[in-house]
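**Q**
Chains as they are written, first to last, in our numbering: chain A, 860 to 1408; chain B, 114 to 279.
Rendered as structure tokens:
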């Protein structure tokens, strides 16, 4: 019998995994409800459960955060998790993203008639992966969390069975994501082979006391790990999947990919490269430098030629990934803090923008062409105004949180010194200006005249040009300009159009904006403005976003 | 940056090799086309029969449920061997684990993942509960009335009724 032996059990700190456990609990609760209750359950109930769950997760994060501030950072679950400011703050940002996702999904689910907990339950599970990634202190743990995050996202991307584009997006995402995961694990194998551990703390300790005589295999492993992460955050040249997947996926799922997936992946990327691989900074810095430049430029230029708003925002999120990579180029603790700041800011902006896009998409989730935004301001001033705010924030206009984020990263980069860093600052500024063009393009379209007027205009215009050409043959002096038939014709046409518009308002494909979407947009807009006007709050928060070692 | 020179050289060499291979095969390879050679996935053998038919997607579902239970057993088996040593801690962890497997399984079963045979309840919106087989048969016997009724009242036409009655 083996009973006499004592087993050394790892000490499990359940507080350390409380935010994640709450999310999983919420998802299981929804599945259990869907399995046991035979009648149709209103999507509002699922949205409320998701919202409350994410708030509870944030609450657990706050308790954990206060605990860390009082008693210091610590390793939990046998060194697999690092409970520190960085991980907890990113985890709370994930919670915020899920809360806004729950709100904006409610309108979507009701509109599309999707009764079932799948979208929200998968969102919660995916968010669990992102929160774990932010805290994971072991390469295996990071991989597991990455898969929890990704597998749910593959399903989310393909959830819209009526649109073939959704299935296409899921297949593309699954295959490329599978490849990138394989590359990532291959890299982990090399790192383990050369350092003897997958634990980030032990890898860092190994490099503190040892020097590899032949570090070729480690460099291969490090590069493969970087490639694996670059796929997940859609950094150039591993971005190719992102516009197609963003466009094809159901819009709430797209918002989830743009926010939660990036939060988790960037958090893990930073932790690995700034804690375990920091001794090899000289080697990975040029790689990240090149990737950042390519990402910034492609994100800026790629968005210019798009006519689909979701695709545009995909390129915009590629451009943001470039900015976040700048924080990694800075390298030191300052860089990590500014990245966290950027991630928090980006979460609010992107969730707000996608909440608006979800509403504008209309029934069927198809109205994402830029022509669908024409004249939005006339019927939905609140939607178009908040969309303009979010897009301005993405462009980095002052007094929005987007400016604070970009300023934070660029000032850290400039203060890190070196010719290369100034080159990067200039590239980043130029790309920011270029990408402002397509943000403004959407804004201008929403504030231009509605679709219907374009349909009425051509005929009267043709008449008036006809009159004008006739006029040339007459003696012009006989006609004073005030009574010119040309002018009368034009005046008459505008009145006609105005009257037609007043009598029968244009058909509104959007209809009434759901209350939950309005709340989601309001929360995001308030955060965008308040944190933009008082950036001190954010800077104070991220000053605690430090690694354990 | 200088240490990246070998990698750069290797990339250039790789591109050159690929390009030269294409050019060389285009110039030097003999071109004698036959039906077997220009077939997609050419392997020298002309296919003689069609590939396998499609089969129901439900097999995938069953396979996936099988994998889930497979993995559960992977965890349950070692626990069963040393459940004495793991004591309460092990029991609690296993209960949590089993719950997180069984709840999604209950969800799958309740949504018809294991229902074989003709699909009945997965299209509930097509049938109207107020209509019975008798009432529907009466209405269908007068085609014109049915079409005008369904237009005016906006009722959904009961698609399943005639087949079910038979």
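The C-beta atom is built at its ideal place from N, Cα and C for all residues, glycine as well.
Taking the beta carbon of residue 1332 of chain A as the centre, do at least 16 other beta carbons fall within 10 Å, making it buried, or is it exposed?
**A** Note that residue 1332 of chain A scores 48 on pLDDT, short of 50, meaning its location in the model is unreliable; the coordinates nonetheless yield the value given after this. Residue 1332 of chain A should be labelled exposed.
**Q** Going by alpha carbons, who is nearest to residue 1136 of chain A out of A:1202, A:1046 and A:1115?
**A** Nearest C-alpha to residue 1136 of chain A: A:1046.
**Q** Using the Cβ count rule (16 or more neighbours within 10 Å means buried), how would you classify residue 1113 of chain A?
**A** Per the 10 Å Cβ criterion, buried.
**Q** Is DSSP giving residue 1395 of chain A helix, strand or coil here?
**A** Helix.
**Q** Examine chain A for any beta-carbon lying closer than 8 Å to the beta-carbon of residue 182 of chain B, and answer yes or no.
**A** False, the Cβ-Cβ gap to chain A never drops below 8 Å.
**Q** With 8 Å set as the bound, which would you pick, yes or no: does the beta-carbon of residue 985 of chain A sit closer than that to a beta-carbon of chain B?
**A** No, its Cβ sits nowhere closer than 8 Å to a Cβ of chain B.
**Q** Tell me, please, whether the segment 1012-1029 of chain A touches the segment 1046-1057 of chain A by the rule of three or more beta-carbon pairs shorter than 8 Å.
**A** Taking 8 Å as the limit for Cβ pairs, the verdict is that the segment 1046-1057 of chain A does not touch the segment 1012-1029 of chain A.
**Q** Name the chain B residues that come within less than 8 Å of residue 893 of chain A, Cβ to Cβ?
**A** Under the 8 Å cutoff, chain B gives 220, 223 and 224.
**Q** Compare the C-alpha of residue 1288 of chain A against each of A:1179, A:1163 and A:1004 and name the closest.
**A** It is A:1179.
**Q** Output, in sequence order along the chain, the residues in the segment 878-892 of chain A whose CB is closer than 8 Å to any CB in chain B.
**A** Cβ contacts with chain B come from 883, 887, 890 and 891.
**Q** Would the beta-carbon of residue 1205 of chain A fall within 8 Å of that of residue 1264 of chain A?
**A** Yes, these two residues count as a Cβ contact at 8 Å.
**Q** Can you list the residues of chain E that residue 868 of chain A reaches, using a CB-CB cut of under 8 Å?
**A** Here chain E cannot be found, since the structure's protein chains are A and B.
**Q** For residue 213 of chain B and chain A, any beta-carbon pair shorter than 8 Å?
**A** By this cut-off, residue 213 of chain B is an interface position.
**Q** Does DSSP put residue 1325 of chain A in a helix, a strand or coil?
**A** With a pLDDT of 47 at residue 1325 of chain A, under the threshold of 50, the modelled position of this residue cannot be trusted; read the value that follows with caution. Of the three classes helix, strand and coil, the one that applies to residue 1325 of chain A here is helix, per DSSP.
**Q** If I'm right that residue 1088 of chain A touches residue 1127 of chain A with Cβ under 8 Å, what's the distance once you round it to whole angstroms?
**A** Confirmed, Cβ separation roughly 7 Å.
**Q** Classify residue 227 of chain B as helix, strand or coil using the three-state DSSP reduction.
**A** If DSSP states are grouped into helix, strand and coil, residue 227 of chain B belongs with coil.
**Q** Could you have a look at residue 1283 of chain A and say whether DSSP puts it in helix, strand or coil?
**A** Of the three classes helix, strand and coil, the one that applies to residue 1283 of chain A here is helix, per DSSP.
**Q** Could you name each continuous beta strand (DSSP E) segment of 3 residues or more that falls completely within the segment 1026-1073 of chain A, going from the start of the chain to the end?
**A** Runs of the beta strand (DSSP E) inside the segment 1026-1073 of chain A: none found.
**Q** What does a CB cutoff of less than 7 Å around residue 1368 of chain A pick up in its chain, not counting 5 residues either side in sequence?
**A** So the qualifying residues of the chain are 1221 and 1226.
**Q** Can you check whether the CB of residue 957 of chain A is closer than 8 Å to the CB of residue 924 of chain A?
**A** Contact flag unset, no.
**Q** Would you identify the three-state DSSP class for residue 159 of chain B, choosing helix, strand or coil?
**A** Three-state DSSP puts residue 159 of chain B in coil, outside helix and strand.
**Q** Give every residue of the same chain whose Cβ lies closer than 6 Å to the Cβ of residue 1398 of chain A, excluding the five residues on either side of it in the sequence, and list them in chain order.
**A** Contacts found: none.
**Q** For chain B, check one thing: does any of its Cβ atoms lie closer than 8 Å to the Cβ of residue 1327 of chain A?
**A** Note that residue 1327 of chain A scores 46 on pLDDT, short of 50, meaning its location in the model is unreliable; the coordinates nonetheless yield the value given after this. So, not an interface residue.
**Q** Judging by CA-CA distance, which residue of A:1139, A:1134, A:1185 and A:936 is the nearest neighbour of residue 1154 of chain A?
**A** Here the closest residue by C-alpha is A:1185.
**Q** Helix, strand or coil for residue 943 of chain A per DSSP?
**A** Coil.
**Q** Evaluate residue 1072 of chain A with the Cβ neighbour count: other Cβ atoms within 10 Å of its Cβ, from every protein chain shown; 16 or more gives buried, anything less gives exposed.
**A** Its Cβ having fewer than 16 others within 10 Å, residue 1072 of chain A is exposed.
**Q** Can you grab the Cα-Cα spacing for the pair residue 1079 of chain A / residue 1241 of chain A, in whole Å?
**A** Distance between the alpha carbons of residue 1079 of chain A and residue 1241 of chain A is about 51 Å.
**Q** According to the neighbour-count rule (16 or more other Cβ atoms, all chains shown, within 10 Å of its Cβ), is residue 118 of chain B buried or exposed?
**A** When all chains shown are included, residue 118 of chain B counts as exposed.
**Q** Three-state secondary structure (DSSP) at residue 996 of chain A?
**A** Of the three classes helix, strand and coil, the one that applies to residue 996 of chain A here is coil, per DSSP.
**Q** Mind reading off the beta-carbon distance from residue 1214 of chain A to residue 893 of chain A? Whole number of angstroms is fine, and I expect it under 8 Å.
**A** Contact doesn't hold; Cβ gap of about 25 Å is too wide.
**Q** Tell me, please, which residues DSSP counts as bridged to residue 1228 of chain A.
**A** Paired residues: A:1167.
**Q** Let me know if residue 1443 of chain A comes out buried or exposed under the rule of 16 or more other beta-carbons within 10 Å of its beta-carbon.
**A** Missing from the structure shown is residue 1443 of chain A; chain A here goes from 860 to 1408 and no further.
**Q** Let me know the secondary structure DSSP gives residue 894 of chain A once reduced to three states.
**A** Helix.
**Q** May I have the straight-line CA-CA distance separating residue 127 of chain B from residue 1082 of chain A, to the nearest angstrom?
**A** Whole-angstrom Cα-Cα distance: 19 Å.
**Q** Taking a Cβ distance cut-off of 8 Å, strictly less, list which residues of the segment 151-181 of chain B are near chain A, in chain order.
**A** Answer set for the segment 151-181 of chain B: empty.
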